[in-house]
Amino acid sequence: MRSGEHPRRGLLDAQEGEDARARRSAFAIDVRRGRCESSTMREILPGIFTWPWFSQRHGYDFNGYLVVDGSGNVCVDPVEMDEKVLADLASKGVSRIVLTNRNHFRAAARVKERTGAEVAIHPADAQFARDKGTPIDAELAHGGRAGPFTVVDAHGKSPGEIALYWPERRLLVVGDACVGKTPGECALLPDAVLDDKPALCASLRRLAALDFDALLLGDGHPVLQGGRQALERLLTRLPS
């Protein structure tokens, strides 16, 4: 125990670590068995909740996230959900809905209507989302803040693609900058849907320079441990 550390705090930290490991293990098992269902919002890391919506077209889950924090709860890229998940979101409270890119408006309007949260997106992608019927209340640019997160430029898939970085938790959230088709690994979307692949590759290299362990992906399997290494492995397969 470190000097000045309260013994009770040390026990709580240890228990939190054990609880987090149990959540990660249970989540990984359910992913492998195909058990992730949209009827349940699951805590995969302390204060980090997710619920999936399976895309038949893509063959993997789209993910919505709720990050609970004293600075304001943030809902990221909310996917479609049943009433149980929507009620759970409303019960926990949502201060801001963050869309990481123009295509991830998803169920944002529905969550906004139920919770009263404002919807925020990068200005370069804002008009596209509005044209799709999503009310946009605020715009986020590189270096901005959203709850505990710092907004990081990740453009390339779209002009306004962003990532969300929480350095104290070593946590990075991305939307379409990369996806998790295979558990524990990252991949790019097909070239046909990328606005600017060289720019995206450059964005991913900048993201890989950040200090993070958990990588929460908007599409596919999140990488709860070793996320930075997974991104680095992807970079070795990309053009320099």
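One gets this note's numbering by counting positions in the sequence shown from 1 and adding 2 to each. C-beta: ideal position from N, C-alpha, C; glycine also.
Exposure label - residue i; buried when at least 16 CB within 10 Å
i, result
"HIS106", "buried"
"SER242", "exposed"
"GLY145", "exposed"
"ASP221", "buried"
"SER73", "exposed"
"HIS60", "exposed"
"GLY135", "exposed"
"LEU190", "buried"
"LYS114", "buried"
"PRO54", "buried"
"ALA143", "exposed"
"GLN58", "exposed"
"GLY177", "buried"
"ARG108", "buried"
Residue interval of the beta strand (DSSP E) (run including residue i)
i, result
"ASP63", "62-69"
"ASP155", "151-155"
Identified DSSP bridge partners for residue i
i, result
"ALA148", "PHE151"
"GLU120", "ARG98"
"GLU141", "ILE123"
Residue range of the unbroken alpha helix (DSSP H) whose run includes residue i
i, result
"ALA126", "125-133"
"LEU237", "229-238"
Residue i: CB within 7 Å of a non-hydrogen atom of the ligand COA
i, result
"ARG108", "With respect to the ligand COA, the structure shown offers nothing to examine, as it has no ligands at all."
Would you check if there are 3 or more beta carbon pairs closer than 8 Å linking the region 201-218 to the region 91-103? no
Residue ranges of each alpha helix (DSSP H) within the region 157-224, 4 or longer: 199-210
If contact is defined by three or more beta carbon pairs under 8 Å, each pair taking one atom from either stretch, is the region 71-82 in contact with the region 224-242? no
Quick one: which unbroken beta strand (DSSP E) runs of 3-plus residues sit fully inside the region 45-116? Chain order, please. 50-57, 62-69, 76-78, 98-100
Between the region 126-135 and the region 193-213, are three or more C-beta pairs nearer than 8 Å? no
Is it a yes or a no for the region 155-175 touching the region 102-120, going by three-plus beta-carbon pairs under 8 Å? yes
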